[in-house]
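Residue numbers (my numbering): 2 to 438. Positions of the beta carbon are idealized from the N, C-alpha and C atoms, including for glycine. What follows is a single structure, written as structure tokens, with notes after it.
Below, the structure written as structure tokens:
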């Protein structure tokens with residue numbers, strides 16, 4: 002993998018910086034780039050597995066929580082999450098690993114959890130092996146390595162128990178969700194006509210929210226095919242959107258649809274795209290690197306962004322399958338132009354609220370809390386997928402662009418976008434209040 006090879010290059014740099022053959026373990030700092038690489042390689046596996054957006058956020062959350070828990074047990078700058086996150090256990094620091102390096106354990110803990118929780122997680126073993134080899138070259142002895150790995154496995158086991166109790170594994174027992182086929186309701190769209198994604202995700206335990214319905218939004222604009230109706234007006238707004246080159250670039254940059262397909266005339270093949278949450282985890286990598294943050298602070302921000310994404314998806318998906326609203330593509334083809342296609346492919350779930358608008362806004366609130374209102378950065382996350390970088394003056398600016406991209410892409414009505422932003426602000430601000438108290 003391209004970025005795995007680049008990571009190996011970072012290892013060589015680390016060897017040079019920290020010195021080969023030295024055995025002074027207590028003085029060796031584990032690079033924060035290891036945190037980034039874990040999330041990057043998790044993203045690559047999610048693309049391979051076609052992981053849906055809410056589930057991707059769940060994977061990131063528990064992997065980061067493992068690293069956070071280990072770090073918080075050893076660095077007093079991080080708060081204990083017991084009593085803060087819903088039903089989070091009181092995990093005691095194990096005493097049997099006196100020679101462990103907690104920073105190494107944190108990275109290994111992230112990998113241990115990701116290896117277990119992701120379908121293709123065992124493929125992360127190669128990254129773990131590379132990290133451990135780099136540590137040996139930096140002078141970390143085998144006792145420290147073995148204690149660090151054992152510590153990581155011990156904490157990962159507790160976090161995986163916490164994950165198992167969130168209710169996600171019960172979803173398979175629920176009845177199969179079927180489209181209603183009533184006027185104004187969602188129905189699968191071309192080219193894949195996929196079944197609806199995660200219709201019961203709202204039943205999963207949130208991290209910070211009291212419930213999925215805590216910030217229940219106003220109902221969407223009422224469906225009506227009448228040309229004088231408000232619904233017809235917002236439908237025409239999508240149909241007549243200005244698709245100039247800049248707006249096309251914005252839509253493509255924030256597409257983040259892992260279900261996108263390309264028809265080559267003989268068969269359809271999946272296009273390599275990340276989820277909205279993975280994009281924001283990538284932004285978190287970029288921002289923490291630019292800010293030059295400590296290992297603990299970098300892991301803290303990654304964790305809080307990840308769990309915020311999870312709570313944002315839970316809140317958004319609760320509304321999606323309550324209102325169950327038709328997508329612009331279906332409405333426009335039926336009531337305005339049967340030949341129309343959106344610039345972006347429509348994702349396989351109901352329209353209201355806009356998920357990207359919700360989670361992007363929520364993530365931007367968290368990043369702004371930690372790094373400030375005017376944090377300028379260049380977003381290079383999509384370069385690996387053939388899209389040029391875009392520069393932003395703030396996280397809020399990026400989130401606003403992500404939201405409006407759904408209108409340009411032809412996949413959301415405007416009320417789903419603006420109310421998704423409101424939902425995201427509510428979730429983000431709630432979490433900031435919780436972690437600031």
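Residue pairing from DSSP places residue 393 in a beta bridge opposite 378.
Using a 10 angstroms sphere on the CB of residue 53, the tally of other CB atoms reaches 16 or more, which defines it as buried.
Under a 10 Å Cβ-count criterion, residue 328 is classified as buried, with 16 or more other Cβ atoms of the shown protein chains found around its own Cβ.
In the three-state reduction of the DSSP assignment, residue 420 falls in the helix class. In the three-state scheme derived from DSSP, where H, G and I count as helix and E and B as strand, residue 186 is classed as strand.
For residue 413, the three-state secondary structure derived from DSSP is coil. Following the DSSP letters along the chain, one finds residue 347 in no alpha helix (DSSP H), marked with neither H nor E. Contact holds between the region 152-162 and the region 66-83, because three or more Cβ pairs, one in each stretch, are under 8 Å apart. In the DSSP secondary-structure assignment, residue 334 is not bridged to any residue.
If you draw a straight line from the Cα of residue 282 to the Cα of residue 240, it comes to about 32 Å. The three-state secondary structure of residue 86, taken from DSSP, is strand.
Residue ranges of uninterrupted alpha helix (DSSP H) with 4 or more members, entirely inside the region 89-144 and ordered along the chain, are 103-118 and 126-139.
With contacts defined as CB atoms closer than 7 Å, residue 79 and residue 301 qualify as a contacting pair.
Secondary structure at residue 326: strand, using DSSP grouped into helix, strand and coil. Rounded to whole angstroms, the separation of the alpha carbons of residue 182 and residue 223 is 16 Å. Proximity of the region 351-359 to the region 232-248 falls short of the contact definition, fewer than three beta-carbon pairs being nearer than 8 Å. By the 16-neighbour rule on beta-carbons within 10 angstroms, residue 180 is exposed. In the DSSP assignment, residue 281 falls within the unbroken alpha helix (DSSP H) covering 277-292.
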